[in-house]
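In what follows, a structure is listed as structure tokens, so that the remarks can point back to it.
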Ligand SMILES: CC(C)(COP(=O)(O)OP(=O)(O)OC[C@H]1O[C@@H](n2cnc3c(N)ncnc32)[C@H](O)[C@@H]1OP(=O)(O)O)[C@@H](O)C(=O)NCCC(=O)NCCS
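In this note's numbering, the protein residues as written are 78 to 258.
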């Protein structure tokens, strides 16, 4: 029997592309963030069918990968890059979202997922990543700063969650500082 991963042993997860059979784990981790009120623009739990559909879509689009952090066969976090804006001038800007299983947060897993996707950014054809973080999501803002992201500014009363409008911080990561406009 496979030994279950513990937070203490989370230091070195394997970062790999998501497989079709990761859907249940991805959904579980995403829904924890929803329950915790930390998923910026989502406040409804995701169904398994929806997660499977998103995985299948990602599998068909190499520029929108889903990477997972796996420890002893157990998925403990995941990260993805999605379309930020459909205007052709912005097709090399991607929006990143990242989620870590509740009991494995603050152990460096998010940082390793971010580093992995940032290392792939240029190969995937991105010049910039963006993210939208709830202003009171301290862990996510710390993670971004630790990974070289910049806070662009704060949208006031932006994300509607359970009837409340919450402020959102826009963050960006420049893939190549030398890119000319
Ligand atoms: C946000 C999230 C992905 C961060 O992942 P994580 O694995 O917990 O973050 P890490 O442990 O890699 O931390 C990254 C850095 O921030 C620091 N950090 C994390 N939380 C911190 C806190 N509350 N205060 C101070 N520093 C903190 C860590 O020390 C680390 O820096 P270091 O590597 O230089 O020590 C994770 O907390 C999560 O899944 N939260 C719920 C979902 C969510 O909010 N997703 C983002 C939506 S946009």
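The C-beta atom is built at its ideal place from N, Cα and C for all residues, glycine as well.
Keep in mind the model is a prediction, meaning the values are calculated, not measured.
Backbone secondary structure at residue i - three-state DSSP
i	result
residue 115	coil
residue 133	helix
residue 190	helix
residue 104	helix
residue 256	Caution applies to residue 256, whose pLDDT of 47 falls short of 50 and renders its modelled position unreliable; the value that the coordinates give is listed next. Residue 256: coil per DSSP, three-state reduction.
residue 78	With a pLDDT of only 42 at residue 78, under the threshold of 50, the placement of this residue in the model should not be trusted, and no figure is reported.
residue 231	strand
residue 146	strand
Same chain only: Cβ atoms within 8 angstroms of residue i, ignoring 5 sequence neighbours per side
i	result
residue 121	111
residue 78	Reliability of the predicted coordinates at residue 78 is poor, the pLDDT of 42 falling under 50, and no value is obtained from them.
Any non-hydrogen atom of ligand 1 within 7 angstroms of residue i CB
i	result
residue 108	no
residue 219	yes
residue 185	yes
residue 247	no
residue 176	yes
residue 116	yes
residue 182	yes
residue 223	yes
residue 123	no
Exposure of residue i, with buried meaning 16 or more beta-carbon neighbours within 10 Å
i	result
residue 124	exposed
residue 139	exposed
residue 96	exposed
residue 165	exposed
residue 118	exposed
residue 157	buried
residue 242	exposed
residue 229	exposed
Cβ neighbours of residue i in the same chain (closer than 6 angstroms, five flanking residues each side left out)
i	result
residue 256	The pLDDT assigned to residue 256 is 47, lower than 50, so where the model puts this residue is not dependable; a value taken from the coordinates is nonetheless given after this. 204.
residue 152	99, 102, 145
residue 173	158, 206, 208
residue 22	Because the chain spans 78 through 258 in this model, residue 22 falls outside it and cannot be assessed.
Own chain residues within Cβ distance below 7 angstroms of residue i, not counting five before or after
i	result
residue 162	170
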